[in-house]
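Numbering (our numbering), first residue to last: 16 to 324. Positions of the beta carbon are idealized from the N, C-alpha and C atoms, including for glycine. Bear in mind that the values here come from a model prediction, so they are computed numbers and not experimental data. Input: a single structure, listed below in structure tokens.
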């Protein structure tokens with residue numbers, strides 16, 4: 016007999032927390048339960064170099080209560096933090112690493128010249144993206160201040176949660192839809208989630224461009240969406256002349272789906288495939304808690320959860 020395991024994904028935002036418990040498989044997860052909680056104003060402040068949680072007791076209270084209501088205890092909890100908590104860069108390097116430790120040293124040395132803070136005070140992780148025949152490599156690097164990530168880990172532990180993974184929201188949004196996006200070797204993925212515009216470009220299944228840009232304001236400015244997307248594509252095409260993606264995908268904000276798709280079409284020249292969480296996640300209504308929370312708002316939490324399936 017084959018046993019499927021359950022996993023929990025949690026998205027932390029400046030305004031609250033969203034949780035999703037899922038079963039099934041990475042390619043077809045099934046939502047088992049979900050919970051959300053709002054933080055009192057001023058509880059969390061997103062900054063690069065300082066602890067983000069201004070009111071630790073309120074943070075722990077809301078997270079703990081939501082997790083207990085979820086009614087799914089598991090050691091497989093993955094956490095999604097806002098991209099604004101840290102930095103993500105794609106580096107092209109001239110030589111291979113002898114081992115992973117040497118990779119950390121070389122990347123830190125490389126970043127010292129380009130980042131406005133002490134890299135030695137940052138938690139750094141990296142993933143090899145591409146290795147060329149001439150020895151050059153491309154790596155994806157994620158950076159977050161040690162005091163930022165340590166505070167989140169400590170407060171989550173107080174709430175009874177030991178994260179198996181911590182990642183940024185843009186990548187968890189992609190992770191939810193990756194079974195479909197990965198079918199296209201060269202593609203554009205544009206997501207607008209909680210007023211953050213995420214743009215990822217892949218060529219031959221390798222991530223070549225990343226950008227996450229906050230779009231402030233209560234109403235989404237589609238002119239700004241067009242400008243940010245268009246500028247990102249101009250930068251990518253200037254760096255990679257003659258290279259084009261064959262498919263485009265978009266995750267639209269609730270209520271603005273068709274307009275968002277039209278704007279992305281105008282910016283990239285291709286009509287994007289609309290990604291809907293409901294078509295990627297099994298959602299048996301009888302087993303879902305959380306009062307009918309739209310799956311679109313849970314996309315990052317769902318993506319985080321699938322990392323452990």
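Check	Outcome
For residue 67, which residues in the same chain have their Cβ closer than 8 angstroms to its Cβ, ignoring the five residues on either side in sequence?	59, 60, 61, 100, 163, 166, 167
Buried or exposed for residue 185, please, with buried defined as at least 16 other CB atoms from any protein chain shown within 10 angstroms of its CB.	buried
Counting along the chain, where does the beta strand (DSSP E) carrying residue 258 start and finish?	Neither: residue 258 is in no beta strand (DSSP E) and is coded neither H nor E.
Residues in its own chain within less than 8 angstroms of residue 80 by CB, not counting five upstream and five downstream?	52
According to DSSP, is residue 195 helix, strand or coil?	helix
Do the segment 284-296 and the segment 167-183 meet, that is, are 3 or more Cβ pairs less than 8 angstroms apart?	no
According to DSSP, residue 44 sits in a beta bridge with which residue or residues?	39
Run the CB neighbour count on residue 40, radius 10 Å, all protein chains shown included, and call it buried at 16 or more, exposed below.	exposed
Rounded to whole angstroms, what's the CA-CA distance from residue 254 to residue 74? Just pull it up for me.	43 angstroms
Could you pull the start and end residues of the alpha helix (DSSP H) that residue 165 belongs to?	161-173
Quick one: residues in its chain with C-beta nearer than 6 angstroms to the C-beta of residue 153, no 5 flanking neighbours on either side, listed in chain order?	107, 144, 145
Under the three-state reduction of DSSP, which class applies to residue 101: helix, strand or coil?	strand
Report the three-state DSSP secondary structure of residue 80 (helix, strand or coil).	helix
When the distance is taken between beta carbons, is residue 211 closer than 7 angstroms to residue 240?	no
Have a look at residue 313 and residue 280 and give me their C-alpha separation to the nearest angstrom.	25 angstroms
Could you work out which residue in 22, 299, 97 is closest to residue 182 when comparing CA atoms only?	97
Between the beta-carbon of residue 93 and the beta-carbon of residue 30, is there less than 7 angstroms?	no
Drop a sphere of 10 angstroms on the beta-carbon of residue 34, count the other beta-carbons inside from all chains shown, and report buried for 16 or more, exposed for fewer.	buried
List in chain order: all unbroken alpha helix (DSSP H) runs of 4+ residues lying wholly within the segment 194-246.	none
By how many angstroms is the C-alpha of residue 234 removed from the C-alpha of residue 116?	45 angstroms
Could you check which residue in 173, 298, 49 has the C-alpha nearest to that of residue 32?	49
Given this structure, state the Cα-to-Cα distance separating residue 175 from residue 142, to the nearest angstrom.	29 angstroms
Tell me residue 141's beta-bridge partners as DSSP assigns them.	156
For residue 267 versus residue 275, is the C-beta distance shorter than 7 angstroms?	yes
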